[in-house]
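All the letters of the sequence shown, read from the start, carry residue numbers 499 to 644 under the working numbering.
A short worksheet on the structure shown next.
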Amino acid sequence: MFKKLLVPVDGSPYANRAVDMAIELAKCYGASIMLVHVIRDLSLPREILEMIASGEITAGRLQLLKDSAAIILDNAAERCRQSGIPDVTQECLMGDPASKILEYATQNGVDLIVLGQRGLQPHSDLLGSVARKLVNTTTIPCLVVT
């Protein structure tokens with residue numbers, strides 16, 4: 499039924515639980531797991547972006563975000579492999595998280611998106627903004643993990 503599972507990861511407890519759920523589903527269905535982390539275009543404050551554009555500072559902050567993304571992806575991939583899932587891929591993307599996740603899922607023939615209820619931003623809403631946008635805009639089945 500499910501052969502390709504996509505799990506957006508951001509290092510949050512919700513994303514970690516989504517990885518755990520994807521591992522269990524992958525074991526049941528013999529599915530592969532695709533891990534994706536999206537660096538928001540707006541991860542840098544406007545003032546910093548202006549300073550980078552003007553040459554006042556380097557893009558070292560962007561490299562820090564990429565390094566952090568690599569650690570998050572590597573940790574999730576290692577958990578998958580240690581749980582017996584051999585077919586795990588990792589991808590770091592840049593842009594609007596929901597849009598990039600949906601684009602990646604569509605381009606890669608994903609059967610199910612397994613995502614955390616919310617990311618790292620504390621809010622009282624039931625769903626975080628990325629989860630809400632994904633669930634409301636995709637035709638790909640989504641499993642939201644609490």
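Every residue, glycine too, gets a C-beta built ideally from N, C-alpha and C.
Given this structure, state the Cα-to-Cα distance separating residue i from residue j, to the nearest angstrom.
{"i": "residue 514", "j": "residue 608", "result": "19 angstroms"}
{"i": "residue 610", "j": "residue 506", "result": "11 angstroms"}
{"i": "residue 634", "j": "residue 602", "result": "16 angstroms"}
{"i": "residue 559", "j": "residue 548", "result": "13 angstroms"}
{"i": "residue 599", "j": "residue 584", "result": "22 angstroms"}
{"i": "residue 531", "j": "residue 580", "result": "13 angstroms"}
{"i": "residue 629", "j": "residue 552", "result": "35 angstroms"}
{"i": "residue 564", "j": "residue 606", "result": "22 angstroms"}
{"i": "residue 537", "j": "residue 592", "result": "5 angstroms"}
Exposed or buried, residue i, counting other C-beta atoms within 10 Å across all chains shown (16 or more means buried)?
{"i": "residue 568", "result": "exposed"}
{"i": "residue 525", "result": "exposed"}
{"i": "residue 622", "result": "Because the pLDDT of residue 622 is 49, which lies under 50, any placement of that residue in the model is unreliable, and the question is left without a value."}
{"i": "residue 614", "result": "buried"}
{"i": "residue 562", "result": "exposed"}
Can you list, in chain order, the residues of its chain with a C-beta nearer than 7 angstroms to that of residue i? Leave out the 5 residues immediately preceding and following it.
{"i": "residue 500", "result": "523, 527, 529, 609 and 610"}
{"i": "residue 631", "result": "596"}
{"i": "residue 575", "result": "533, 586 and 588"}
Leaving out five residues before and five after residue i in sequence, what residues of the same chain have Cβ atoms less than 6 angstroms from its Cβ?
{"i": "residue 612", "result": "503, 505, 516, 519, 520 and 641"}
{"i": "residue 644", "result": "615"}
Looking at C-alpha atoms only, which residue of the options is the closest neighbour of residue i?
{"i": "residue 637", "options": "604, 559 and 512", "result": "604"}
{"i": "residue 590", "options": "627, 572 and 639", "result": "572"}
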